[in-house]
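Residue numbering for the sequence shown is 79 to 390, as defined by my numbering.
The beta-carbon is built from N, C-alpha and C at its ideal position, and this holds for glycine as well.
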Amino acid sequence: MVASDGTDADDGEDPVEHEAAAWVARLSSSDATEDDRRAFEAWRGADPARAAAYAEMDALWRRLGQLPDPRPRKRAPKRLAGLAALALIGGGALVHQLGLLDRMRADLWSDVGTIEHATLADGSGVDLNTDTALAVRFTERERGIELLRGEASFDVVPDPHRPFVVRGGGLSVRAVGTRFFLRADGAAGPVGVAEGRVDVSGPGGRAVVSAGEAIRIGEGALRVVAADVERDTAWRDGRLIFAGQPLAAVLAELNRYRRGRILLLDRGLGARRVTGAFDARNTDEALDVIAATMGARIRRLSPLLVLVGSPL
Numbered sequence: 079m080v081a082s083d084g085t086d087a088d089d090g091e092d093p094v095e096h097e098a099a100a101w102v103a104r105l106s107s108s109d110a111t112e113d114d115r116r117a118f119e120a121w122r123g124a125d126p127a128r129a130a131a132y133a134e135m136d137a138l139w140r141r142l143g144q145l146p147d148p149r150p151r152k153r154a155p156k157r158l159a160g161l162a163a164l165a166l167i168g169g170g171a172l173v174h175q176l177g178l179l180d181r182m183r184a185d186l187w188s189d190v191g192t193i194e195h196a197t198l199a200d201g202s203g204v205d206l207n208t209d210t211a212l213a214v215r216f217t218e219r220e221r222g223i224e225l226l227r228g229e230a231s232f233d234v235v236p237d238p239h240r241p242f243v244v245r246g247g248g249l250s251v252r253a254v255g256t257r258f259f260l261r262a263d264g265a266a267g268p269v270g271v272a273e274g275r276v277d278v279s280g281p282g283g284r285a286v287v288s289a290g291e292a293i294r295i296g297e298g299a300l301r302v303v304a305a306d307v308e309r310d311t312a313w314r315d316g317r318l319i320f321a322g323q324p325l326a327a328v329l330a331e332l333n334r335y336r337r338g339r340i341l342l343l344d345r346g347l348g349a350r351r352v353t354g355a356f357d358a359r360n361t362d363e364a365l366d367v368i369a370a371t372m373g374a375r376i377r378r379l380s381p382l383l384v385l386v387g388s389p390l
């Protein structure tokens, strides 16, 4: 359920848009040839719809800053140009590769769109949100965890002689026995406590956070605020709950649970407020609900690229 007032939606895929996106990527590459340009002109001239789709796609990507100017000052190596095109078409492919590197260093990890649960050697529980990796660093003096990427929630077994310390995202969270979460992805609210309390330290200072509170980072400082931590950690049960949040923030959160990218094309639409609950395992369904209730236009250019904008 989403609080809004629209009804129109278009979630079908258009093969002409697929072709137009491919041509934008190819012609923006510094190794595009004259044969490529002639083939493009033949393709575009065969149907006015193709010309319109290409113009729209070209303008879109330049507005979003995703493509370099097709008139390069310096010719790039073919391999580099090819990688740039793949990054455009593939959306989150590079991010996925970086995730693989973190997983190679990790003791526990979760894939994109999955949530994993585990019990550590001391009996403490850990829930790994989508695309998360962590390394266990237990010693005689400290139960250390390094959060390499993503977000994790910890249900810590008390041990006053060996504190539980999680480090990630530039922060260190120290607990004896408590339930809290930490995000290492640069989120404005990286720490929240459901039970007990934790000691948080980082470049912005130091703070004690108790149950029902969270850390917000603003202007480089740590600030303790009241928070609905149970709602913030509903992902542990596969639910994403939003209460009056801007659509832009909701789409950014949904994007964490899928490969590729969701791109918002309309700032005005992105400012509209959303209230509802979605299945973290089915972001396509969430997008369809948003389209139907907010009057947004959803265009799936590929499984890895979804555009969200106002209806035409």
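Under a Cβ-count criterion, where at least 16 other Cβ atoms within 10 Å of its own Cβ denotes burial, should residue i be classed as buried or exposed?
i	result
Leu178	exposed
Thr111	exposed
Thr197	exposed
Glu291	buried
Arg375	buried
Asp209	buried
Val328	buried
Ser288	exposed
Ala99	buried
Ala133	exposed
Ala124	exposed
Ala369	buried
Report back the beta-carbon spacing between residue i and residue j to the nearest angstrom; my notes put them in contact at under 8 Å.
i	j	result
Arg261	Glu297	Rounded, the Cβ-Cβ distance is 19 Å, inconsistent with contact.
Glu220	Val243	6 Å
Val190	Ala131	29 Å between Cβ atoms; not a contact.
Arg183	Ala213	6 Å
Output needed for residue i: all residues of its chain with C-beta closer than 6 Å, excluding positions within five of it in sequence on either side, in chain order.
i	result
Trp187	Arg181 and Ala211
Arg377	Leu385
Arg345	none
Gly203	Thr197 and Asp233
Tyr335	Gly191, Thr208, Ala358 and Thr361
Excluding sequence positions up to five away, which residues of its chain have a Cβ less than 8 Å from the Cβ of residue i?
i	result
Arg284	Asp277, Val278 and Leu300
Ala364	Leu318, Leu332, Phe356 and Asp357
Gly201	Val235
Trp121	Glu97, Trp101 and Arg128
Ala305	Gly267, Gly270, Gly290, Glu291 and Ala292
Ser250	Val243, Val244, Val278, Ser279 and Gly280
Asp237	Asp200, Arg221, Val254 and Gly255
Asp185	Leu212, Ala213 and Val214
Determine whether the beta carbon atoms of residue i and residue j lie at a separation below 8 Å.
i	j	result
Gly387	Arg351	no
Ala266	Ile319	no
Thr217	Val234	no
Glu224	Gly246	yes
Asp205	Gly270	no
Thr382	Arg337	In the sequence on display, residue 382 carries Leu and not Thr. It is a contact, given that the beta carbons lie within the stated cut-off.
Leu343	Leu379	no
Arg275	Val286	yes
Pro241	Arg252	yes
Gly373	Ile193	no
Arg359	Ser231	no
Leu105	Asp114	yes
Closer than 7 Å by C-beta to residue i: which residues in its own chain qualify, once you throw out the five before and the five after it? Chain order, please.
i	result
Gly348	Pro324, Leu325, Ala326 and Leu342
Ala272	Arg257, Phe258, Ala289, Val307, Glu308 and Thr311
Arg215	Gly222, Ile223 and Glu224
Ile340	Leu329, Leu332, Asn333, Val384 and Val386
Val303	Glu291, Ala292 and Arg294
Ala199	Phe216
Phe118	Trp101 and Leu105
Gly282	Ile295, Gly298, Ala299 and Leu300
If you measure from the CB of residue i, is any heavy atom of the ligand GDP nearer than 7 Å?
i	result
Leu342	Within the structure as shown, the ligand GDP is missing, as the structure has no ligands at all.
Complete runs of the alpha helix (DSSP H) confined to the stretch 241 to 318 [at least 4 residues]: 307 to 310
Segments assigned beta strand (DSSP E), at least 3 residues, entirely inside the stretch 327 to 384: 339 to 342, 351 to 357 and 375 to 380
Minimum length 3: unbroken beta strand (DSSP E) runs contained in the stretch 168 to 238: 194 to 197, 203 to 206, 211 to 216, 221 to 227 and 229 to 233
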